[in-house]
Structure formats: C-alpha cells, structure tokens
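Notes follow the structure.
Chains as they are written, first to last, in my numbering: chain A, 1 to 259; chain B, 1001 to 1273; chain C, 2001 to 2257.
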C-alpha cells in the first residue's frame, strides 16, 4: 500500500452506545476497485460503510477520500440503502425520484430529462419512468434507487446489503446488472453483504470483519484478493476452482467466528 | 416528628448529566405555558385595573375556582357533566358496539346498511340539540341523548372495522384446528378485537366530553359549560376563565388516563400499543 | 356484477325501509307529530324554505348560505394558519420539545368552550363567531401538520444529507409532501369542527343561519321546519366530507399500489 489510495481508512475505530463496534481498522481502496465487506451481524460492516460516507462520525482515526478527510456526506459519494422502500420518495414517480438527485445538484430543469432517461435506461426502468414506488416490485424499487445514485455521477458508490431483501432470482439478475454498470462507468464500489458467494462473485477484493472486537481480536480479520477474471457468469464462475477455494476459506473463517 | 437524614452522594459525571436530563425532562413541558401565563397575568392585571370585563389574570381565575370548589358548585357542575357524558357514552357504546360486531361479522349486512349509515352519520350532533330540547326539555335526558347519538357512530365504525380486520390467518388457523363458532368467537375474535375496542372507547370518551360541554354551552342550563356561560353573562371574567381552565384540565386528565388504559390493554393483549 | 347491483339495490331498500318506518311512526302517531313530523311535511318545509317551486319564502336557502360561508371561511383560515404554524413548529425538534406538551393540553378542549370568552371580548356579532370557528378548527390541522413534519422517514433524511440538500429544499421537497396525508386528514376533521362551532355560535349569538333557524323552529314547535333544517345540516356535512375525500384521493394518488 503506497498511501495514495482513493479511499483510505487510517486506524478508524467506531464506538456506538458505549460499545466499540469497530476496532482500529486500516485499509485502502483504489480507484475503480470493487470491494466487498462481509461478516456476521454486529461486526460493524454497515457502520463502516456509513462512516465512509459521512453519515456517522468515526470515534478515532481518519477516513480520507482523495487525501481529504471525510466529515459530512457529499454528493460525490452515493449511498444505496438496504430498505429501498423507505429511501424512495413515495409521492414522486421513478423519474421524479431520479430528478431529486439532479435538483439537489442544481442541474437546470431543461437539462434534467436527458440525464434521467440515460440513467433509467442503464438500469432498465425506461418503460416505468412514470410509475410510483408503490406500483413497483422490490427489485424495480432497488433499481430505481440505484438509478438515482447513478444520476449523482458519483466518484464512489456505497451499497449496504442492497440485494438482501430480494428473492434469489432477482438478486442474481441485479448482481450481473450491477457488475456491468460498474464496469461501464468505471465506478469505485464498497459493497456490504452477508452473502459470502455474492461477495466473491462481485468483488475484486473481499474484506471479512468479525464481531466483538477486543485486544488480540481486531475487527478486520481477513482481506483476500479475488483473482477471477471478468466478466463473470452465475454458472461457470461459481464452479471455478478459485471461487470454490475462496468460498471454503471464507466459510471456514466465518464459522470460526461463530462459536 | 421524624428525623430525616439526608444522604448526599457525590455523583460521577455521567450520572450527574443523567440527573439534569431527568430534571429537564420533568420541567420542560411546563416552561412554555408558564411563560405564556406569566405574560398574560401581567397583561390582564393591567386590563383589570382599567376596568375590563373580558379579561382576568390567571391568579384571579384560580381564586374564583377555589371559591367554587369550596361552596360545592364546582363539584356539582363537574359531576353533572361527567355523569351525563358517561351515561350517554354507555348508551351510545352499547348500541354502537353491538351493531358494529353484527355488521363486522356479516359482510352482507355491512354492505346493505352502508348507504343508510352514510346518510345518517354526517348529521352534526349539535343539529339535534333543538330536537332533544323539544322532546325532553332541559336536563339530563336531553344531553345524554345527544351524547349517545354522537358517540354511537364512531363506536359503530371502529368496532365494525376491528371485527372485519381480525387477522385472516388466525381465522384459517381456527378452521384447521376445528374450533366451533362459539369457541372461535370467544378465543379468537373477541381477544383480537379488544385492543381496538379500547381505542374506540378512548375516542368515545373524548367525543362524549366535548359534546356534553358543547350542549351545555349551547342550551342546557346545567353542568360545566353552562357554569362558564353564566359566569360570562354575569361579567365575572375570573370565574369564566377559571371554568375554561378547569374544563381543559379535566378533559386533559381524563384523556391521558384513557390513553394509559388503552396502552396497558394493548400491551397485555400483545398488540402494538 | 349482478351481486354488486343486488347489494346496491338492497342498501337502497334498507334506507327506504327506514324512511317508511319514519312515515308510519309519524303518520300513525306512535311518536307525536310535535317531535316527529311526517316525511312529506319535512319535504314541504324544505321546498318552501329553499324556494324550489317558486312562491316559497326562500329563507332556508339564505340561512344555509350563511352557515356554509361561515363554515368555509373559518375552515380556510384555520387550515392556512394551522399549516403555517404547524410547519414552523414541526420542522424543528427543538421547538417541538418545548411547545408540544402545551399543544397536547389544548387538544381535548372543546372549540365551543371559547365562545363565552370570545363573546366577552368581541361581543355578539358575526366576526366573533368567525373567530371562534377559525380558532377552534385550527388545532386539528396544526397538530396534524406538526406530526406530519415530525415523522419524516429517517431514511429520507439521510438521502437528503447524502445529496447535500439545503434545509429549505428539504422542507419543501420532502417535509411538506410527507406531511400531506396527515394535513389532509386534519383538514377533514377541521371541517367537521367548523360546522359544529358555526352552528353553536349561531345558536348562542343569535346570528342568522341554520343554527338559529332550527333553535327558533323548536321554540315555536314547528317540527317540520326543524327537521328541514336538520336535513340541510346533514347534507352540508355529507357534501363537504365527500368533496374533501375526493380531493384527498386525487392528491394522494401515489398511495395506491
């Protein structure tokens, strides 16, 4: 690590409610990298993500983005929430929700429609632009949220278990769509999930956190590189020997943490 | 005379912070009204000194209330209003709950009676005051008739919807378990309805009080509302304001008590409070 | 389709049966005609009072207009001030913490209880009644608005922070639409209170309107006029509620799945 990473965590620890959720943790994320964070409940992966986006303040250490400390949320960092239903404005259509990001950025009314259409096309919601969230399925709602995040033209995309509330088939479809989007736009992504296979499938690197950190037991327990070539495929990649090896390694590690 | 030994403990900083928070939480609700009343007291004293017949300072209102309490008129009027409201509510609730349960259990009956209910319900209860006056004269019967009419409708609607919204999954469970109709009504429908029954009751109490006082202000020469009107007509602003505050206080206490009851029932029955 | 039609006819039938019972009870004298006029007498009073056939005195029409205009004007004022004040209070958790307990104390107070105070300050005139109507009807809207602004989904607040939305934009684009369902429900309750206070105000302040009309009719034992007035008041209540419900559905279209 040469210290010029795009996003850098320097001995970041986070305490909430008097408890240390995350012990001092350090790592770097390079531009264009897709980093997945896994771990059992309570290991602080969501908290880590929220701290990186400025929604939560770190108790100690520093989080630096392009060398500057992260203090407040910024439009350059998009955040995709797990409970998509609650993160969309129910009184605006899909197009209206995407427009919110553009309005916040001060884009002139006339310039908005082409950008909205572009982003809706990318997530495959072009035909549903005028529907309200209540009329959409879970997968479509999450895509709408992703579309709004893309409209921000972010440097960095934080995703907090975005597909956790969806059924398996929808999840697989969205995983591939996301991979394609990220590759096409060259996005840097921090992706939290509890699904080990998803983490290995999507990520360039997987960071495993463990719960109840203490002396001799740091939060950041494992960091593995996923050296499987892209584009990846739901069938063949999951039978790739490297995939299976990483899967076994991570599985064993998570099991250890679960006594 | 007992001797009190006061033990003073040096509190650790976090505890002290929590204790201040406790004080703040206790006193804060009173700060704003206290300031308002204080300002009004100053203003009203000046107005009274200039001979105003409309305004009186809160201190004078309290004194007037105390006098009314001492000579019994406070309790008599309050008793009338609360008693009449209670009887009217009892009547309206019994009728409303019975019909509500019947209509809730039979979708057909509910659909058939919908039009009649929608035609009769919008009549404002105060519109019936002159009719009740005509039929019963002044007094208890006239007021409780109007309270009964006013509370009948919300009880009917809320109980009907509560019965209709018994978790269908539970009804399926009762079929699978082979419960008889009576067992189903007693073990599933009734307990499921009880929390919302108490919500309806709380609303009914609020409506009963408001309607009773309104009837007394408009027509009935009895009770708290009338006492307030008389005070105004006798150019006794202190007593009038005293009654206004008393009516507000009584209403607040009763509503708060009903809210507690409703929440306790919900907790006991495992429903969302 | 046939079942729907059958149900509709059935419910009309139930209503017709009730009217028939009314007719029998009154015509046969089971209930004295002093208290319960026949349906046809009520209808005749209505026709005459509304000047439907020409040749009537049309009094009821002017009374109805007086009551309705009092109710509507008071309701509009109440809604306007209720929303503005409610938004100002609801938007800031600090202000809410200090002021909310006082609001909760005022909530159970009957609006009509302010009439004596208003009479001693303003005297017996239309402005006094309008003031009490507006003031009394303001509270449901105010309380509903405070609640609507206070209960913003925390996720949406975070989205606004992530998008770096300025406070004013947040209140206008998220706070207000979020509060809309509560505000509209409050306005509906407000309308009911406006009607009630308008009627009571007319009764005790001797202001021209349906309230005074039915009071005088009762005192003069003119039951059919009394009932005509009650019917009209019921109609006003029904129509205002129906119109508001339609408006609410239109404005809250996004709630339908």
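All C-beta atoms in this analysis are idealised placements derived from N, C-alpha and C, irrespective of residue type, glycine included.
Anything in chain A within Cβ reach of residue i, meaning under 7 angstroms, just list it in chain order.
i: residue 2159 of chain C; result: 87
Starting from the beta carbon of residue i, find every residue of chain B whose beta carbon is closer than 9 angstroms, and list them in chain order.
i: residue 2238 of chain C; result: 1118, 1119, 1121, 1122, 1123
i: residue 2126 of chain C; result: In chain order: nothing, as chain B lies at least about 17 angstroms away.
I want to verify the contact list: residues of chain A whose CB lies under 9 angstroms from the CB of residue i, in sequence order.
i: residue 2165 of chain C; result: 100, 103, 104
i: residue 2174 of chain C; result: 89, 100
i: residue 2256 of chain C; result: 132, 134, 135
Taking all protein chains shown into account, decide if residue i is buried (16 or more other Cβ within 10 angstroms of its Cβ) or exposed.
i: residue 1006 of chain B; result: Residue placement at residue 1006 of chain B is flagged as unreliable, the pLDDT there being 36, under the threshold of 50; a coordinate-derived value is accordingly withheld.
i: residue 2110 of chain C; result: buried
i: residue 2139 of chain C; result: buried
i: residue 1133 of chain B; result: buried
i: residue 2060 of chain C; result: buried
i: residue 1234 of chain B; result: exposed
i: residue 223 of chain A; result: exposed
i: residue 1129 of chain B; result: buried
i: residue 180 of chain A; result: exposed
i: residue 1167 of chain B; result: exposed
i: residue 1071 of chain B; result: exposed
i: residue 2031 of chain C; result: exposed
i: residue 2249 of chain C; result: exposed
i: residue 1243 of chain B; result: buried
i: residue 178 of chain A; result: buried
i: residue 2210 of chain C; result: buried
i: residue 1238 of chain B; result: buried
i: residue 1011 of chain B; result: With a pLDDT of only 37 at residue 1011 of chain B, under the threshold of 50, the placement of this residue in the model should not be trusted; the figure read from the coordinates follows. Counting Cβ neighbours within 10 Å, residue 1011 of chain B comes out exposed, since fewer than 16 surround it.
i: residue 156 of chain A; result: buried
i: residue 957 of chain B; result: Because chain B here runs from 1001 to 1273, residue 957 of chain B falls outside it and cannot be looked at.
Residue i versus chain B: which residues are under 7 angstroms apart at the beta carbon?
i: residue 2102 of chain C; result: 1032, 1033
i: residue 2200 of chain C; result: 1126, 1214, 1217, 1218
Using DSSP with H/G/I as helix, E/B as strand and the rest coil, what is residue i?
i: residue 1117 of chain B; result: helix
i: residue 209 of chain A; result: strand
i: residue 12 of chain A; result: strand
i: residue 1229 of chain B; result: helix
i: residue 242 of chain A; result: helix
i: residue 78 of chain A; result: strand
i: residue 2239 of chain C; result: helix
i: residue 225 of chain A; result: strand
i: residue 2223 of chain C; result: helix
i: residue 42 of chain A; result: coil
i: residue 131 of chain A; result: coil
i: residue 2011 of chain C; result: helix
i: residue 2030 of chain C; result: coil
i: residue 952 of chain B; result: There is no way to answer for residue 952 of chain B, as the model of chain B reaches only from 1001 to 1273.
i: residue 1125 of chain B; result: helix
i: residue 109 of chain A; result: helix
i: residue 1003 of chain B; result: Confidence at residue 1003 of chain B is low in this model, with a pLDDT of 36, below 50, so the placement of that residue is unreliable and no value is reported for it.
i: residue 97 of chain A; result: helix
Name the DSSP beta bridge partners of residue i, please?
i: residue 2211 of chain C; result: Partner(s): none; residue 2211 of chain C has no beta bridge.
i: residue 7 of chain A; result: A:29, A:65
i: residue 220 of chain A; result: A:209
i: residue 36 of chain A; result: A:191, A:206
i: residue 232 of chain A; result: DSSP, once it has assigned bridges, lists no residue as partnering residue 232 of chain A.
i: residue 157 of chain A; result: A:78, A:189
i: residue 22 of chain A; result: A:14
i: residue 60 of chain A; result: A:13
i: residue 214 of chain A; result: A:217
Quick one: list the residues of chain C neighbouring residue i, beta-carbon separation under 8 angstroms, in chain order.
i: residue 1251 of chain B; result: 2108, 2109, 2110
i: residue 111 of chain A; result: Those within 8 angstroms of residue 111 of chain A in chain C number zero; the least Cβ separation is about 17 angstroms.
i: residue 1247 of chain B; result: 2109, 2110, 2113
i: residue 1113 of chain B; result: 2011, 2014
i: residue 1028 of chain B; result: 2097, 2098, 2101
i: residue 81 of chain A; result: 2155, 2158, 2159
Can you pull the chain C neighbours of residue i, defined as C-beta to C-beta under 7 angstroms?
i: residue 143 of chain A; result: Those within 7 angstroms of residue 143 of chain A in chain C number zero; the least Cβ separation is about 16 angstroms.
Any heavy atom of the ligand NAP closer than 7 angstroms to the beta-carbon of residue i?
i: residue 214 of chain A; result: For the ligand NAP, the structure offers nothing, since it holds no ligand at all.
For residue i, go through chain A and note every residue whose CB falls closer than 8 angstroms to its CB, in chain order.
i: residue 2153 of chain C; result: 86
Mind checking if residue i is an interface residue toward chain F, Cβ cutoff 8 angstroms exclusive?
i: residue 2120 of chain C; result: Going by chain labels, chain F is absent from the structure shown, which instead holds the protein chains A, B and C.
Contact set between the stretch 42 to 60 of chain A and chain C, restricted to residues whose Cβ is under 9 angstroms from the partner: Those residues of the stretch 42 to 60 of chain A that come within reach of chain C (Cβ to Cβ, closer than 9 angstroms) are 50, 53, 54, 55.
Using a Cβ-Cβ cut-off of less than 9 angstroms, give me the residues of the stretch 61 to 73 of chain A that come near chain C, in sequence order. Taking 9 angstroms as the Cβ-Cβ cut-off against chain C, the residues of the stretch 61 to 73 of chain A that qualify are 72, 73.
What residues from the stretch 2180 to 2207 of chain C come within 8 angstroms of chain B, judged by C-beta to C-beta, listed N to C? Among the residues of the stretch 2180 to 2207 of chain C, those with a Cβ less than 8 angstroms away from any Cβ of chain B are 2192, 2195, 2196, 2199, 2200, 2203, 2204, in the order of the chain.
Going along the stretch 1144 to 1171 of chain B in order, which residues come within less than 7 angstroms of chain C, judged by CB to CB distance? Residues are counted here when their Cβ sits less than 7 angstroms from a Cβ of chain C; for the stretch 1144 to 1171 of chain B the count is zero.
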